[in-house]
Every structure is written in C-alpha cells, then in structure tokens.
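Novice:
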Amino acid sequence: MHLVKSWPFFRYLTGHQLTGESSVEGYVSALKRGCRLLELDVWDGDDGEPIIYHGHTLTTKITFADVLKDGIKPYAFEVSPYPVILTIENHLSIEQQRVMVKLLQDILGDMLATEPVPDDVTSLPSPESLKNKILVRGKKPQGMEIEDDDEDDEEDQDKIDYIDSDDGASHSKKKPHKPLAPELTQVINVCEGKKFLSFKDAFKNYKCVHTPSLGETKAKGLFESSPDDFLKFTETNMTKVYPLGTRTGSSNLKPYPFWSVGCQIVALNMQTEDKANFYNDALFRNNGNCGYVLKPDILCGKQLYSPSDLSERYTKIVRITILSGQHLPNSLKKGDIVDPYVQVKVRGHPLDKQKQCTKVVKNNGFNPVWNETLELNIKVPQVSLIYFSLRDESTYARDPVLGLCCVPFNSLAQGYRYVHFNDLGGKSLAPAALFVKIDISDK
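According to UniProt numbering, the sequence shown is numbered sequentially starting from 1.
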C-alpha cells in the first residue's frame, strides 16, 4: 500500500475558502506539483451542466467539463505517469449525475479506469498497474438514497457549511440524504467511499476498495484511542484525513501523525505556504515526486509496529555536526547583518517530537562556523522527518526564518553533506547552504 501525495483540499480555490477565486489553473498547478488526488466539489448548474465550487459560499464557479477538458486531461500525466484519483463531492441531482458520468466518459475516454476490482480480491491494484489511468473516488448507489461522503464524519465541518448569499452569515445546515444515479457504478470501481462507523465494523464489513474519509477531529481521536487498530486498518484500506471545516483561512492540519499510522491521504490546502505543505513536499520528493511513496515495512506487511507501545527496537541515534554555513540570506525583517543559528527538529510519531539548536554566531552570514554536534534520539525513524531551520536571532521580535530544509529519515545519508535551503514556498535559496556531518547508529 502506498502513500498518495496529499491531494489539494478545495484545490480549485486560489484564496480564502469562503470568498476565493475558483480556477482551472488551481488543478493544473496541483498536478504540476505532483499531486495524484484531486477534489471536485460538484453542484447542479443552472443550464443543466454540473459546476464546481465550494458550495454555499461566495466562491466563483467553474464548469465540470472545463476542469476535465482544460485541466485534468492535458496535465494529469505531465509530471508523473502514476494514477490520478478524482474525489467527487457529489451534490448533484440524478439528472446532472448522469451528465457528469457522460462527461467523464466522453472527455477522459481510455484514460478513465473502468475495470472493477473483483469481490474476492483482498488488495488494491498497484500504482504500477494503473499507470496513465484516472480513477474516480466517490460513493456508489447501494439503495435508494445515501449521505454525502466527506461530511459524514466531521461535526465541525457543518459549522461553516452554509453561507447565506444575501448577508454572508454562516449557519449550520444538516446534510440531506440524496439519491445516487445507477450510472455512477460505471466510473467508480477502485476507490469506493464508505462511511466509517468503527474499526470493529470496518474489520468485519469493509472490502479493500472501501476508502473512508475521516475529519481531522475524528481522526485525531482514533489516533489517540486506538492507534494499533488505526494502523491495522490502513494496512489494507486507503484512508483519507481532511481538515476541520472551521479552517476557512486555508490553514492546514499537521500531516505527520496520520502518516505514522499509515493514512495514505492527508488533505492539505495547497494554496497555503506553510510547514504542512513543506513536510508534504519533502516526503514525496523521496520518490522522485511521482506522487506515490511506498510505505516502510513497519506500516505494512508482517513487521507492523505498535504505535501505542514503542520499545527501543527501532530506535536510532542521529548525530548531526553543524560545521559551517555559506552565503546565508539576509533577514528581510531586520535589514542588518544576520546573527544565524540552526534549529533541528524531528517530526513524525508524536513521541519523537524534539528540537535542538546551535549557538548563535554574531554578525556573520557569509561563512559562520559552529562546529557543534546535535544528538537526536528517534524511536520510530522510518516515519520521521528531519527539519532544518536556519534562523536569525532578534531581540525585538520572533527570530526570523532565513531558510528551511526537510529530509525524510530514510533519505538521510551519513558522512559529510551539504544542506541546501528553500523558503517556505519551496523556492531555492541557493547558494545558501550548511556543511554538516551526519552519523547514524543503533541505540
């Protein structure tokens, strides 16, 4: 089972989620960044043609056909040949659901995966076997009517779910049950959305194609109360975690705790330049930015670890000697010569959260020398990220960040290395770099 590069939550928005600009370019940008899972929030259009926008808000609208024709079809496999998953947030009437299915078939053609997974199969097809295919993820009709997919499991999602178009006031509005068109079974085959009730129910009733969506609060609760069951479940079923509905300013949840129990999809607002997206880019850069990363052995197969009972079995000691820096950028906030220091963090399993810092070198951003060793004790290195933050000491405000670098532990090479920096948006700050020595040993 693979991790899927975190799909862009409400990716068609280019700004604030209640008033932002909906744009085909949002999908194009996401695909060019290597994203393999996109959300399409589809509503009835006035002229009988489905439209996409963040429903019951003041965001602008784009047609479903334009997104497929101008965004997804030409750019789906420009960066990576591995499958793209389209999550359909279905708010359509029966008639426009049929229109949507026909548009998917007519526009995507042979790119659309239509081969169903046999009932007796216990694992999903591999990304390799689905190269250059587009999968549709959504709920299939089981009876006469059904609830929405992603809003099933997150009470907070409904708190900002409805905005009156006249006064902009927010209201709570219970999602109605709605009928689903039988034609959806023609396009939803590999990833079938299914309401999550409990791990006990899921272990009994889920097939490998069933992919639940868990709201941030519910997922966090399951992580804290039943981490071992969480990991066992994600070993066989693709699981999506999505942000609180109250994150209307497009802020993001922290993805790494959910990665540590095997969640394949952690939804992020990719229009936001923040640490969450920086961590996400670092993890998926680990596999050539193809959009998929194979889980480590402790998250699948016969070597599952116990998130609730960490022993010293996997512990590694990482010693990072920060030797020197070269051509460090100036702080935009201070305007004078920098007083740099290096902060190193570990992010992954919550028990591995730690931070260490070097001393400050005064008035030298050109070639500061530290020659200082930081020691990190990491219990679950296989799911850990090493985060370098170059900072400028300030006596007046929070120390400005000069540059960032994040590396998955499994990509950390021993010996003498250069650490190259980017800004929070991922732009290179070359030639700024650190010269370091890395040693890794068992405890």
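Positions of the beta carbon are idealized from the N, C-alpha and C atoms, including for glycine. Values in this document were obtained by computation on a predicted structure and should not be read as measured data.
Output the boundary residues of the alpha helix (DSSP H) element that contains Ser-384.
Specialist: Counting along the chain, Ser-384 falls outside any alpha helix (DSSP H), and DSSP gives it neither H nor E.
Novice: Mind checking which residues open and close the alpha helix (DSSP H) that includes residue 447?
Specialist: Any answer about residue 447 is impossible in this case: the structure gives the chain only from 1 up to 443.
Novice: Can you tell which of Glu-312, Lys-220 and Leu-180 has the C-alpha that lies nearest to the C-alpha of Lys-443?
Specialist: Comparing alpha carbon positions, the residue from Glu-312, Lys-220 and Leu-180 closest to Lys-443 is Glu-312.
Novice: Among Asp-46, Val-84, Pro-257 and Ile-62, which one has its Cα closest to the Cα of Leu-31?
Specialist: Val-84
Novice: Would you mind working out which of Pro-127, Ile-94 and Gln-97 sits nearest Phe-77, comparing C-alpha positions?
Specialist: Answer by Cα proximity: Pro-127.
Novice: Expressed to the nearest angstrom, what Euclidean distance is found between the alpha-carbon atoms of Ile-323 and Pro-400?
Specialist: For the record, residue 323 in the displayed sequence is Leu; it is not Ile. So the two alpha carbons sit approximately 21 Å from each other.
Novice: Can you name the start and end residues of the beta strand (DSSP E) that Val-84 belongs to?
Specialist: 84-91
Novice: If we call anything under 8 Å between Cβ atoms a contact, is Tyr-279 one with Tyr-242?
Specialist: No. Outside cutoff.
Novice: So what does DSSP say about Glu-312, is it helix, strand or coil?
Specialist: coil
Novice: Which partner residues does Val-369 have in the DSSP bridge list?
Specialist: Ser-324
Novice: Below 8 Å on the Cβ atoms is my contact criterion, and I expect Asp-228 with Ser-306 to pass it. Report the Cβ-Cβ distance as a whole number of Å.
Specialist: 6 Å
Novice: Specify the secondary structure class of Lys-69 as computed by DSSP and reduced to three states.
Specialist: helix
Novice: The alpha helix (DSSP H) spanning Thr-26 covers which residue range?
Specialist: The residue you asked about is not Thr; residue 26 is Gly in the sequence shown. Here the alpha helix (DSSP H) through Gly-26 covers 24-32.
Novice: Whole angstroms are fine: how far does the CA of Asn-189 sit from the CA of Tyr-27?
Specialist: 23 Å
Novice: Can you give the beta carbon distance from Ser-384 to Val-346, rounded, assuming they're within the 8 Å contact cut?
Specialist: 6 Å
Novice: So, under 8 Å CB-CB, Lys-184 and Gly-215 are touching, yes? Tell me the CB distance rounded to an integer number of Å.
Specialist: A small correction: the amino acid at residue 184 is Leu; Lys does not occupy that position in the sequence shown. Not confirmed; about 23 Å, so no contact.
Novice: Can you confirm whether the segment 292-311 touches the segment 369-384 when touching is taken to mean that 3 or more C-beta pairs between the two stretches lie within less than 8 Å?
Specialist: yes
Novice: Can you round the beta-carbon distance between residue 495 and Ile-265 to whole angstroms, since I take them to be within the 8 Å contact cut?
Specialist: Since the displayed the chain opens at 1 and closes at 443, residue 495 lies outside it and no answer follows.
Novice: Going by DSSP, name the residue or residues bridged to residue 447.
Specialist: Because the chain is modelled from 1 through 443, residue 447 falls outside the range shown and cannot be assessed.
Novice: Expressed to the nearest angstrom, what Euclidean distance is found between the alpha-carbon atoms of Gln-271 and Ser-251?
Specialist: 9 Å
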